[in-house]
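Residue numbers (this note's numbering): 1078 to 1236.
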């Protein structure tokens, strides 16, 4: 995995960009509803040089009562097919969510309200359907984390 990647929380300028309606998902509502939660999990992904442009964003909330990280929004803003992060945003979500869930001794990551067009792709990362959601255990995420970092993920051949 050879990326010059900036990873950090969603900052003020990212928030303004996301709230401006540039993405396909409703970030304004998502940021208001989940971004202010005490256990909010937000990640901004930016690639060098400069790392000023928001390339992708991830937003979830950790639920202490169920030890589950609920992922509500994951979106790539990359349109250039040659961009080094193109097709890898969900991998970055798996890595970030695994590191978080392992650090807090959580048990699961839940993808909330998954569109049917994404279920096959998410299954390649070990997520299982649970109603409208998809769920993966921390041990399953650990396996996926290792495969992604080693460059042997089954999902590499899907995009």
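Backbone N, C-alpha and C fix where the C-beta goes; we use that ideal spot for every residue, glycine too.
_Residues near residue 1153 by beta carbon distance below 6 Å, same chain, minus five either side_ = Position 76 of the chain shown, counted from the first residue, corresponds to residue 1153. Excluding the 5 residues flanking it on each side, residue 1153 has same chain C-beta neighbours closer than 6 Å at 1133, 1166, in chain order.
*Determine the DSSP secondary structure at residue 1234, reduced to helix, strand or coil.*
Translated into positions along the chain shown, residue 1234 becomes position 157. Residue placement at residue 1234 is flagged as unreliable, the pLDDT there being 48, under the threshold of 50; a coordinate-derived value is accordingly withheld.
*If we count the other Cβ atoms within 10 Å of its Cβ and call it buried at 16 or more, is residue 1090 buried or exposed?*
Looking up residue 1090 in the chain shown gives position 13. With fewer than 16 other Cβ atoms within 10 Å, it is exposed.
_Nearest-angstrom Cβ-Cβ length linking residue 1174 and residue 1218, presumed shorter than 8 Å_ = For this step, residue 1174 is matched to residue 97 along the chain shown. For this step, residue 1218 is matched to residue 141 along the chain shown. Sure, about 7 Å apart at Cβ, within 8 Å.
*Can you check DSSP and say which residues form a bridge with residue 1200?*
For this step, residue 1200 is matched to residue 123 along the chain shown. According to DSSP, residue 1200 bridges with nothing at all.
*Supposed close pair residue 1084, residue 1114 - CB separation, criterion 8 Å*: Taking the chain shown and counting its residues from 1, one reaches residue 1084 at position 7. Taking the chain shown and counting its residues from 1, one reaches residue 1114 at position 37. Not a contact, Cβ separation roughly 20 Å.
*Could you have a look at residue 1214 and say whether DSSP puts it in helix, strand or coil?*
As a first step, residue 1214 is located in the chain shown; it is residue number 137 there, counting from the start. Three-state result, residue 1214: strand.
_Can you check which of these residues, 1183, 1182, 1206, 1178, is closest to residue 1190 by C-alpha distance?_
Within the chain shown, the letter at position 113 stands for residue 1190. For the set 1183, 1182, 1206, 1178, the Cα lying nearest the Cα of residue 1190 is the one of 1206.
*Among 1183, 1101, 1225, 1121, the one whose alpha carbon lies nearest that of residue 1212*: Here residue 1212 refers to the residue found at position 135 when the chain shown is read from its first residue. Residue 1183 is the option with its Cα nearest to residue 1212.
_Using DSSP's beta-bridge definition, name the partner residues of residue 1135._
For the purposes of this step, residue 1135 is identified with residue 58 of the chain shown, where counting begins at 1. Bridge partners of residue 1135: 1120, 1151.
*asked:* residue 1170 and residue 1122 - do their beta-carbons sit closer together than 7 Å?
replied: Residue numbering aside, residue 1122 sits at position 45 when the chain shown is read from its first letter. Residue numbering aside, residue 1170 sits at position 93 when the chain shown is read from its first letter. Going by C-beta atoms, residue 1122 is not nearer than 7 Å to residue 1170.
*Thinking residue 1107 and residue 1150 are a contact (beta carbons under 8 Å), I'd like their distance in whole angstroms, please.*
For the purposes of this step, residue 1107 is taken as residue 30 along the chain shown, with counting starting at 1. For the purposes of this step, residue 1150 is taken as residue 73 along the chain shown, with counting starting at 1. 5 Å between Cβ atoms; contact.
*Counterpart residues of residue 1187 in DSSP-defined beta bridges*: Here residue 1187 refers to the residue found at position 110 when the chain shown is read from its first residue. Looking at the DSSP output, residue 1187 sits in a beta bridge with 1147, 1212.
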